[in-house]
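Protein chains in written order, with the working numbering: chain C, 3 to 705; chain F, 307 to 409; chain W, 63 to 229; chain Z, 47 to 551; chain L, 20 to 542.
Each residue gets a CB set at the ideal place from its N, CA and C atoms; glycine is no exception.
All figures in this text were calculated on a predicted structure; none of them were measured in a lab.
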Amino acid sequence: MPLPSTLLLLATLLPLGSFTLLLFTGKRLSYPLAGIVATAFIIASFACTIAAMIAWLNVTPASVWGAGKGPIFLSLPWLPFSLTPNHPSSLTVGIYLDSLTIALFAMVTTVAAAVHVFSIGYMRHDPRFHRYFTYLSLFCFSMLALLLSSTLIELLVFWELVGLCSYLLIGFWFEKRSAANASLKAFLTNRLGDLGFLIGISLLISHLGNTSFPHLWTSATEISPNTLTLIGILLFTGAIAKSAQFPLHTWLPDAMEAPTPISALIHAATMVAAGVYLTARLFPILTPDAKLFIAIIGLITLTIGALIATAQTDIKRILAYSTISQLGYMMLAIGVGSWVGALFHLITHAFFKSLLFLAAGSVIHAAGHEQELSHFGGLARKIPVTAATFAIALLAMSGAPFFAGYYSKELILTHAASFSLLSASQSAPRWYALFFYLPVAIAYLTPFYMTRCWMLTFHGRPRNLHLFARARETWILYVPLILLAVLSTWVGAKGIGIRELIERSITESNAYCQSLTSHPNFSAFSTAWPANLPIDQDLTPSQQLMEQGHMLTQTRVAYAWLAGILLGILLYLRGFLIPNLLLKFPPLRWLHIWLYRAMYFDELYHLFLVGPVLIASHLANFLDTHVIDPIVNLTATSIRSLANLASLNDEFVIDASATGIAHLSQNLGSLSRSPQTGRIRTYILLLFTLLTLAIASTILLLY
Amino acid sequence: MPITLHHYLVLSALLFTTGLLTILLKRNALAILMGIELLLNSVTLNLVAFNHFSPTPTEDGQIFALFIILIAAAEAAIALAIILNFYNNFSSIDPDRAQTLKG
Amino acid sequence: MTQTLLFYTFATLTAASALGVVLSRNIVRTATCLLFTLLGVAALFILLDAEFLAAVQLLVYAGATLVLILFGVMLTSKNPFTSYQPSRLELLLSLTIAIIFFTSLTAAIHTLPSPPAASESSYSILFLGNALLTDYLIPFELSSLLLLLTMIGAAHLSNPRKPTSNQ
Amino acid sequence: MLQSFLPFSSELWLIATLLAVLIVPFFTKHPSISTPTVALAGVCFAFTSLFFTDSSPHQYFHNLLLTDPVSTFWKGTLLLFTAAVLILWFATHDRSHDTSDAPEYLTLLLGATLGMSLMASTNHLLMIFLSFELASLPSYVLAGFRKTHRLGAEASLKYVLFGAASSAVMAYGLSLLYGLFHSLSLPVIAHVLAASPSFPPLAAIALIAVATGLGFKIAAAPFHLWCPDVFEGAPIDIAVFLSVASKGAALVLSLRTALTFAAAYNYAPTTPLIALSTTIAIIAAITCTLGNTAALAQTNIKRLLAYSSIAHAGYMLCAVSILLKTSHSAPGFTPSIASTESLLLYLAVYMFMNLGAFSVLAIVHHHTGRDTLDAFQGLGRTSPIAAGCMFCSQISLIGLIPFAGFTAKLNILFALFRAGGWWWALIVTISLNTVLSAFYYFRIVRAMYFEPPSPPNQPRYLGPPLILAIALTSSLILFSMLLLFSPMSRLTTHFSQWSSLTLPN
Amino acid sequence: MPLRPHLLTLLILLPTIGAFTVLFTPSKRSARWTTLSFTLVTFALSLLLLAFYDFTPVSNYAYAPAGTIQLVQRLNWIPVFHIQYLVGIDGLSLPLILLTTFISILVCIASWNINHMTRGYLCLFLLLESGILGTFCALDFFLFYMFFEISLLPMYFLIGIWGGPRRQYAAIKFFLYTLVGSILLLIVLIGLYLFSKTAVPGGTFDLVQLAHLARTGQLQSAGLTPAVARAFFLCTLVALLIKLPSIPFHTWLPDAHVEAPTPMSMILAAVLLKMGGYGLFRVAYPLFPTAARQLWLLVSIIAVISILYGALVALAQTDFKRLVAYSSISNMGFVLLGAAMMTPASINGSIFMMVSHGITSALLFFIVGLIYDRAHHRDLPRLGGLASTMPVFTAFSTLALFATLGLPGLSGFIGEILVLLGSFSASRPDSLLHASTPAIYSLSILACTGLLLSAAYCLYALQRIFLGPPRPELSNLPDTTHPAELSVLIPLTVMTLLLGILPSLFVFPLTNPTVTALLKLFS
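Here it is, written out as structure tokens:
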């Protein structure tokens with residue numbers, strides 16, 4: 003096994019070791035030993051990743067794998083499986099390792115290490131401290147394994163495992179009803195998405211038999227484009243749920259019930275980005291229609307996420323919605339063909355968003371687990387490091403130059419711009435322009451709501467003096483913040499050459515995608531080009547178009563960050579004073595309420611999804627206990643009544659004829675208890691009656 | 307009009323019917339017993355008549371009739387004993403009194 | 063002709079007294095009617111050249127069975143002349159059954175091809191006795207066994223002094 | 047002539063025993079013990095004599111009597127059963143203050159047995175009627191043998207009135223048969239009938255009348271009314287005797303009669319034969335359904351078993367209904383063999399099932415004085431062996447594997463399947479009835495095992511050892527029947543040869 | 020005497036011998052230990068089977084060495100009807116035999132605290148084990164039927180005597196339902212035998228031979244017309260669906276489970292239900308492959324309705340045990356779906372599902388029993404917050420519930436995914452079903468929806484019982500740290516994990532050749 007893969011496997015298995023260790027001994031490891039063990043393991047894992055990266059980058063020319071050369075692809079049979087009796091094969095598991103994997107590994111282990119360290123401080127008073135790290139280790143293992151997976155089935159396994167960890171960690175404080183409910187919601191929503199994912203995988207397997215990425219890329223041409231579109235959309239459903247895309251985004255804000263470091267790691271940096279990763283891996287087999295779908299979903303998501311974020315008052319919820327919005331950007335990027343942009347943004351976003359969350363965690367920790375903005379204010383004086391790092395993250399996210407977000411977001415917007423230019427030049431529908439202008443608009447909004455959050459938290463007069471008085475920060479909390487703050491700047495984006503790494507990944511996998519790009523039905527696969535439009539030429543935006551797009555982006559969004567931040571500062575300079583004035587104006591108030599209630603998505607779900615299922619469930623239960631069971635028992639009942647009839651017939655039927663129908667109709671019930679029972683004469687009467695009837699009918703028959 | 311087999315058979319059928327009616331209409335065990343004797347009489351009449359009009363020279367019918375008479379007598383004796391026993395227990399020979407066993 | 067006349071006479075006697083059995087409400091009268099029926103049947107036996115059977119009929123039936131039944135009447139009824147009135151519905155139902163029964167029976171009888179009137183048969187008691195002791199020895203002997211059983215059974219049941227205790 | 051008696055040595059033994067039983071009390075000091083011993087010995091001799099008699103098909107005494115394997119099989123079953131009934135009676139019979147009942151009882155029982163055994167070995171109308179009455183008359187007395195017992199008196203009155211009426215009807219039918227065909231021999235009658243171009247209506251009436259008599263004895267559907275009342279009123283040993291012996295004899299006779307006609311028609315699906323077979327099938331279906339449904343509501347176990355015996359008679363009638371061979375029948379299918387062997391096996395098995403059930407009932411009755419369902423409550427704890435035997439019998443009566451009832455029912459189903467055609471309906475009926483019957487048999491099982499003893503601290507009891515022995519033996523036989531399936535099946539196949547199906551020589 | 024040829028007979032007989040031994044033990048304690056040792060030895064014997072088993076047989080549905088069926092013992096039993104004592108195992112039965120013997124040990128441990136008529140209980144339990152093992156070993160239709168029926172009676176008593184308040188109702192309901200099923204099976208048995216009589220002199224009950232007769236069309240020429248075959252198939256199907264159980268023949272199951280004592284619930288869910296699933300592959304499908312192919316739509320619709328309906332009803336339950344019972348119905352729906360689709364993956368999945376469900380359901384029912392032992396009720400609204408007082412127990416329960424909802428890495432997932440993959444691949448042109456793609460897709464997709472619903476009810480239960488604020492009346496319940504409890508929980512948990520992570524370690528090498536053989540038979 004090549005060295006990088008061995009190292010990455012080791013990096014993956016280390017958290018598993020930590021998990022196992024903590025699972026069995028966690029209870030005996032008192033604070034902070036459990037945390038330290040877990041942290042040590044994840045740092046070791048980080049070290050392995052770095053070693054692997056070095057090995058990956060420094061390859062001998064003769065090697066078939068390595069940066070820019072080719073991926074490492076290993077597979078093992080796992081489940082014997084055959085599609086039809088004559089084609090035995092098996093579901094495989096394995097390792098697919100390319101530059102992207104390395105980059106993401108680096109990101110995940112870095113953020114995870116930061117979060118681990120932070121958690122030791124954050125969770126120190128929790129009675130289930132060891133359990134927290136147990137789950138965390140399991141998550142790290144699952145997440146890393148997910149990235150290492152070579153087949154969709156394997157990916158699905160870890161996909162669900164990270165979901166499980168997310169479930170466990172969201173419900174970590176399960177004594178709180180809201181936490182328990184949130185974890186349920188998160189899991190079920192993800193399960194809904196996984197359903198689509200599973201169906202997609204099943205369809206793929208039923209067509210191809212194997213779902214390893216190289217195999218998919220080489221043989222997707224065997225599937226008809228329409229089916230492939232369907233499969234693409236179905237697979238993307240998984241990503242919709244996991245990456246909290248519209249319409250399955252509602253679980254993410256609720257998931258903020260999790261301890262804040264968890265939100266930073268799982269619900270901002272890694273797990274939610276797994277959807278983007280998946281979509282990126284599937285990119286070669288996505289048809290233009292599927293990409294269009296993805297782009298539209300991304301577009302909607304990024305818009306509603308940002309809009310809702312402007313009206314939230316819970317610091318973590320703001321961050322959650324901003325995460326949704328940013329993930330929307332990534333999805334849009336994939337849709338419009340900006341593969342590199344999406345993944346680049348994934349990584350930069352992971353840094354600054356986890357920073358934001360950790361900073362928020364620091365705030366919450368300082369504020370004694372208070373999350374409402376209305377209780378904050380002026381905290382910059384008490385927790386300056388947090389305030390500063392938060393501000394750095396804010397800038398990064400706003401797309402301020404020299405901060406990480408700037409590079410990635412700009413790349414995405416450039417691609418979006420060139421795509422919309424291209425579509426304009428190819429006489430596509432007018433609304434295709436939205437693929438550019440809506441993200442641009444949101445690019446103005448993003449700095450605004452982030453600034454709002456910062457201003458209300460750190461600036462101004464403290465609104466809760468009691469809380470303010472006790473707020474403080476410790477080194478164990480801000481050391482990780484600083485680390486991440488560094489990565490949120492130019493260093494994270496340019497300094498460590500992430501973009502180049504990602505770009506190399508394309509060349510590495512290109513060998514597999516030959517058949518797709520050369521196939522007549524499948525050309526022009528790189529962008530969300532609707533299949534019903536004529537394809538005149540190579541639809542990959544040309545260099546010239548790219549430059550035009552770049553220009554467009556420069557002119558439209560170069561100072562968006564500044565505008566947004568300034569607006570935010572202006573509006574929230576005096577705390578809630580100015581906004582409250584503005585909200586007196588009814589349309590704005592209504593808009594605010596609508597956004598504050600997250601566009602009523604939860605209510606809609608309850609009305610249209612949860613409600614019907616519950617109704618169906620109770621209906622089915624009713625059916626079972628009151629209809630099906632009785633129907634089956636009816637046999638018994640009818641037999642019993644038959645029994646009464648039969649045992650009665652001796653006296654009942656005959657007596658009725660003997661003593662009169664009138665008597666019968668008068669008191670049918672008492673007839674069974676009638677004294678005239680067991681009479682031998684009625685027996686004989688019946689005997690002769692039947693005899694007579696038999697004889698008479700025989701005579702009639704024979705005549 | 308010569309007397310044919312049919313005459314006897316119809317008479318026997320009539321006897322049978324009256325016996326049947328007797329059984330059905332009497333609420334007295336002894337009368338029912340008499341009705342049964344009527345039935346058996348119709349059987350013997352049948353047999354003797356058939357025997358008389360039979361083309362074969364055997365006397366099977368008469369022999370059968372003889373046995374029927376014999377059995378009727380035996381049956382009557384048994385039935386009477388049972389009716390007496392019933393009377394001893396129930397102080398009545400109304401068979402409708404026998405209704406303990408039912409259901 | 064005499065045959066015909068005699069037949070009709072005895073047939074009428076038999077039928078009428080048989081109806082009497084049904085119609086009389088008094089048990090003693092019923093028994094008397096039955097006696098006449100039996101006598102009528104015996105007479106018909108003679109018409110059918112079955113003199114021996116007629117004698118047996120008279121002896122066994124009229125002589126023994128009927129007397130037995132009358133004893134039964136005397137033993138069981140405090141007032142032998144009590145009568146029972148069947149209910150109207152019972153009556154109706156029974157009559158309907160009887161009528162249907164009789165009608166279908168006669169209808170069936172009339173489908174029978176009428177055999178030629180039998181010639182004077184060479185019948186004798188000797189023949190009958192012979193048959194009973196040769197061809198029909200087995201039933202003959204068995205009937206004695208049957209009578210024995212009847213005797214034992216009847217004696218067991220009608221001996222009131224003997225205590226019974228089975229269970 | 048004397049040689050002709052040899053094949054009937056078992057009957058002769060019975061007659062001799064019958065007479066001996068009457069005489070013995072005059073010579074011994076303990077008649078209550080010696081008479082039953084003599085009777086039992088006589089029955090055993092009779093049974094043993096069966097092994098030395100020639101059972102090959104033959105007619106004797108001017109075709110009055112016949113022997114064939116079927117009758118021999120039936121006699122064997124009957125005698126074995128009679129012996130068991132004698133033991134049952136002996137064990138429950140209170141000998142302390144009544145000594146003089148025994149000879150009467152035994153005479154009557156043996157007389158009825160004689161009648162029942164003759165019923166199976168004749169196809170002569172006179173003998174049919176005579177043996178029928180020979181079986182019936184003692185039974186009437188036996189049903190009311192306990193003179194001071196009101197229920198017994200009632201039962202015997204009902205029995206005698208109903209029985210006399212039906213046998214009179216049967217006699218009428220027999221007279222018509224004689225008149226129509228000028229013969230008393232059943233095969234002759236059947237052949238003349240089959241040879242005649244039309245079917246005389248009187249013959250139909252005659253057959254219906256005969257069927258009434260047989261139906262009464264079998265307690266088949268419309269004629270079953272007497273059965274539960276009589277069984278409930280009669281002593282337990284008589285109830286079990288009637289339930290198997292009386293019904294069995296009538297069933298064998300019915301089968302013989304039906305198959306005689308079927309043979310005359312060569313088992314071809316002609317209209318009369320189809321009508322006959324269908325009628326029997328319908329009666330069978332109604333009988334088992336009625337018996338089972340009526341049994342469901344019963345709480346008196348004797349009455350319940352009476353209804354169950356009606357239901358089982360229905361199953362056996364299903365076997366009787368297989369009279370003809372259609373195009374749907376399986377190749378190599380012989381109706382006579384199929385129906386006979388399934389009937390014989392069922393009869394034999396049914397005997398053991400009923401013996402088991404009734405003997406446990408006798409134990410319970412002996413101990414508690416009741417024969418209602420509540421007497422069985424907690425039997426699993428108070429008397430585990432008896433309960434176990436009852437369980438075996440009940441499961442066997444339902445017809446579940448591993449007990450013999452299953453084997454027997456399987457045989458009938460086999461026969462019906464092979465007959466093919468509309469016999470499917472009977473298969474369905476039997477199947478449904480099996481489920482139906484589980485309801486009430488399991489009420490007993492439930493009472494025995496799931497409910498506490500009705501006076502909670504009832505002492506454990508075993509019951510009279512002789513009865514327990516019968517119950518245990520029956521259960522063991524029932525249990526091992528699956529293993530003995532093969533020999534049993536061979537045995538019944540061996541005994542399924544008829545004689546009277548051909549014309550007398 | 021060489022052991023090998025008598026191994027299966029010994030396996031079947033051993034629990035019976037144990038049953039009689041237990042009756043003569045002096046004390047309850049010794050009875051328990053005797054039972055335990057008998058179950059252990061039986062398990063050891065079944066492991067020995069594994070040692071003797073040839074894992075790479077020729078993939079034919081025939082006796083070794085020409086096929087997959089091994090360790091065959093054949094004796095004439097009822098020669099009149101050519102009924103044989105014919106036992107043997109293949110990849111279909113061996114996993115279930117192992118499951119049975121394995122679960123039996125745990126059931127025996129779980130029965131440790133039965134104090135009422137202990138000997139009778141243990142005796143019946145061992146008889147039941149014999150019956151079940153016999154069913155799985157029997158290759159003669161009659162023998163199969165016999166064991167199928169025999170296993171009814173002990174269960175009837177076990178529910179009826181040791182059950183809950185409505186035990187009598189539940190017991191008789193269980194019995195009557197299954198009785199109906201076995202009568203239907205009996206009809207098929209007789210019918211097939213008679214048809215085989217035309218094809219083979221004397222007829223045969225040999226299931227393998229019958230399957231080959233069906234395959235070569237000899238039965239059809241003997242009169243088993245397609246219509247009759249369909250009728251027979253439906254009869255068999257209903258008989259097995261009752262046992263499985265499946266909609267609409269399922270209503271005995273919730274009652275039986277709710278009333279049965281915990282160990283019996285375990286064995287009922289874990290093993291007894293599998294007799295239905297096993298019967299599908301041993302009887303229904305091999306004997307009537309054509310009819311099965313024609314009626315695939317019906318079967319799969321029943322399966323899908325079972326999956327969805329069972330899950331929906333489970334969602335509405337407030338009694339935890341009822342919830343688990345309905346989840347069994349839902350899960351067994353997958354087994355049926357796998358059978359209906361007739362692809363290698365789906366059938367492998369079905370078998371795997373049976374094994375996996377055997378383990379997880381036993382675990383779940385044991386968990387229910389533990390809750391009941393401690394809280395004295397199973398009412399979900401009256402439970403809650405157990406996670407804070409009973410963390411170890413919560414961990415086991417969570418694992419069990421997640422295995423039920425099909426979490427990857429746990430055993431439930433493998434079965435479900437294989438069945439689903441298989442059913443999707445049934446749309447391939449070279450699959451056995453020549454069915455329309457949309458029908459297959461829509462059915463499979465509906466079946467997938469069952470996964471969502473199963474997640475819903477599992478998490479709902481988890482939330483109601485373990486999460487939320489701890490209730491004061493439940494706060495002092497002891498955690499499951501007793502060795503007896505752990506000795507049941509841990510093996511099941513380990514098996515769940517092991518099967519989930521390394522499915523090909525245990526089951527697949529066994530089932531795959533057999534499934535291939537079966538499919539050869541069907542095509």
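{"Item": "Whole-angstrom distance between residue 312 of chain Z and residue 371 of chain Z, CA atom to CA atom", "Value": "9 Å"}
{"Item": "Per DSSP, the bridge partner or partners of residue 77 of chain C", "Value": "C/96"}
{"Item": "Beta carbon proximity, residue 680 of chain C to chain Z, threshold 9 Å", "Value": "yes"}
{"Item": "is_contact[residue 404 of chain F, chain C] using C-beta, thresh 9 Å", "Value": "yes"}
{"Item": "Opening and closing residue of the alpha helix (DSSP H) in which residue 478 of chain Z lies", "Value": "469–496"}
{"Item": "Cβ pair residue 280 of chain L, residue 272 of chain L closer than 9 Å", "Value": "no"}
{"Item": "Where the alpha helix (DSSP H) through residue 341 of chain C begins and ends", "Value": "341–368"}
{"Item": "Any chain C beta carbon closer than 9 Å to residue 557 of chain Z", "Value": "The shown model of chain Z, from 47 to 551, leaves out residue 557 of chain Z, and the question about it has no answer."}
{"Item": "Minimum Cβ-Cβ distance from residue 153 of chain Z to chain W less than 9 Å", "Value": "yes"}
{"Item": "Proximity test, Cβ basis, 9 Å: residue 42 of chain Z and chain W", "Value": "This structure cannot settle anything about residue 42 of chain Z, because the visible part of chain Z is limited to 47 through 551."}
{"Item": "Range covered by the beta strand (DSSP E) that runs through residue 113 of chain C", "Value": "No beta strand (DSSP E) contains residue 113 of chain C, which is instead part of the alpha helix (DSSP H) from 101–124."}
{"Item": "Short CB-CB distance (under 9 Å) between residue 69 of chain W and chain Z", "Value": "no"}
{"Item": "Nearest-angstrom Cβ-Cβ length linking residue 455 of chain Z and residue 361 of chain Z, presumed shorter than 8 Å", "Value": "7 Å"}
{"Item": "Where the alpha helix (DSSP H) through residue 357 of chain F begins and ends", "Value": "335–358"}
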